[in-house]
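11 is the number of the first residue of the sequence shown in my numbering; add one for each residue after it. Glycine residues also receive a C-beta, built at the ideal position from the N, C-alpha and C atoms. What you are looking at is a predicted structure, and each value in this text was computed from that prediction instead of being measured.
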Amino acid sequence: MLAGEVHGRDAKKQFGEAAFAVVPFGSLEYHGPHSPLGTDLYLAQGFAQRIDPSLKPLIYPAVPYSACPGKTSSYPGTITIDLPVFHRYLEAVLDGICRCGIQRIVLLNAHDGNMGAARTAAEQVTARWKDASFLLINWWQMAAVDAPEKLGFFQGTTGRGHGGPYEMSALKALRPDLVEVRKGDRELTPPDALSELPYVLVEGTPRGWDGYTGNIQQISLETGEWIAAEVTANMNRLIASWLSSQDITESGDS
């Protein structure tokens, strides 16, 4: 069910029938010559539409603009929102959904820069709505990092990176009309990982970077269809488990 299509006369009833709300988050940001500016927006919307309807989601319109990092802000087409402004806006959206009576909310994210703001906003909203529960899902974390390489989809790379083969193959599966790699498009091989463990490295001008990175000639529909299917299956399992845990908690409190 799409929140934007609910009529006012039916809002109370239909909102009451939803098991949870979904807020997709994207950005309008340069992703390379081969990729649309709305890459993150279309990924967030696309995976939101792949949530199992039997789970009873109420899907809100995607947030299209966000805070973008300095390393993409100077490239054509990028629109970046001041972080405090974005945070206040996001907090107001989530607070408004809670006031509508829906306090289980999936934050379905497709932009790395949204992660901190989404979590902080959720923490602040739960200070006011004690029964609220937010599940933050970053779509790219819903499949094993090295799986496409092990399966032979990528050669010599996991494909991860902004505008790279992992992200753009996934978008090609959702919107094949929007990804166009040409023979002359430059490949930008990212540096080797510093560690197998998670870490965060922030640089103004990373190595192997020109507003995007990666061996983009390896982008393919076949790879994207595998990634999208894996992400969809794992995402739906995670949401179902979250809803089940919420139901158990509420049952125990009654």
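Q) So, helix, strand or coil for R170, using DSSP? A) Residue numbering aside, residue 170 sits at position 160 when the sequence shown is read from its first letter. Of the three classes helix, strand and coil, the one that applies to R170 here is coil, per DSSP.
**Q.** Exposed unless 16 or more other CB atoms sit within 10 angstroms - verdict on S83
**A.** Start at 1 with the first residue of the sequence shown, and residue 83 comes out as number 73. Exposed.
Q.
Taking the beta carbon of Q55 as the centre, do at least 16 other beta carbons fall within 10 Å, making it buried, or is it exposed?
A. By 1-based counting over the sequence shown, the position of residue 55 is 45. Flag for Q55 reads buried.
Q. Near V191, which residues of its chain fall below 6 Å by C-beta distance, leaving aside the five closest residues on each side in sequence?
A. Along the sequence shown, read from residue 1 onward, the residue named residue 191 stands at position 181. Correct list, in chain order: H44, I226, I229.
Q) Considering I107, what are the terminal residues of the alpha helix (DSSP H) in which it resides? A) In the sequence shown, the residue the question calls residue 107 occupies position 97. Start and end: 93 to 109.
Q: Check N119 in the structure and name its three-state DSSP category.
A: Along the sequence shown, one-based indexing puts residue 119 at 109. Of the three classes helix, strand and coil, the one that applies to N119 here is strand, per DSSP.
Q.
Based on DSSP bridge pairs, tell me the residues matched to R114.
A. Residue mapping note: residue 114 aligns to position 104 of the sequence shown, counting from 1. Paired residue(s): S143.
Q. What whole-angstrom Cβ distance do A13 and Y99 have, given they're in contact under 8 Å?
A. Taking the first residue of the sequence shown as 1, we reach residue 13 at position 3. Taking the first residue of the sequence shown as 1, we reach residue 99 at position 89. The Cβ separation is near 17 Å, so there is no contact.
Q) Taking the alpha-carbon positions, what's the L47 to F25 distance? A) Against the sequence shown, residue 47 aligns to sequence position 37. Against the sequence shown, residue 25 aligns to sequence position 15. Computed Cα separation, rounded: 32 Å.
**Q.** Runs of alpha helix (DSSP H) lying entirely within the segment 148 to 204, each at least 4 residues, in chain order
**A.** 157 to 160, 175 to 184
Q) How about G224 and G166: do their beta carbons lie closer than 7 Å? A) Position 214 of the sequence shown, counting from 1, holds the residue named residue 224. Position 156 of the sequence shown, counting from 1, holds the residue named residue 166. Not in contact: G224 and G166 (Cβ atoms no closer than 7 Å).
Q. Can you name the residues that DSSP bridges to I69?
A. Taking the first residue of the sequence shown as 1, we reach residue 69 at position 59. In DSSP, I69 forms a bridge with L12, V32.
Q. Exposed or buried, what is D20 when buried is set at 16 or more other beta-carbons lying within 10 Å of its beta-carbon?
A. Reading the sequence shown from its first residue, position 10 is the one you call residue 20. When all chains shown are included, D20 counts as exposed.
Q: Specify the secondary structure class of C90 as computed by DSSP and reduced to three states.
A: The residue given as residue 90 occupies position 80 in the sequence shown. The sequence as given places Thr at residue 90; Cys does not occur at that position. Here T90 sits in strand by DSSP.
Q: Could you round the C-beta distance between I147 and L248 to whole angstroms and report it? I think they count as a contact, below 8 Å.
A: The residue given as residue 147 occupies position 137 in the sequence shown. The residue given as residue 248 occupies position 238 in the sequence shown. 7 Å between Cβ atoms; contact.
Q: Note the first and the last residue of the continuous alpha helix (DSSP H) segment covering A127.
A: As a working mapping, residue 127 is identified with position 117 in the sequence shown. Where A127 is concerned, the enclosing alpha helix (DSSP H) stretches over 124 to 138.
**Q.** Where G224 sits in the DSSP three-state scheme
**A.** By 1-based counting over the sequence shown, the position of residue 224 is 214. Annotated three-state conformation of G224 is strand, per DSSP.
(Q) Give me the residue from P74, A153, V155, Q113 with the minimum Cα distance to E39. (A) Taking the first residue of the sequence shown as position 1, residue 39 is located at position 29. Taking only the C-alpha atoms, the option nearest E39 is P74.
Q.
Any contact between the segment 124 to 144 and the segment 232 to 241? By contact I mean 3 or more CB pairs, one from each, below 8 Å.
A. no
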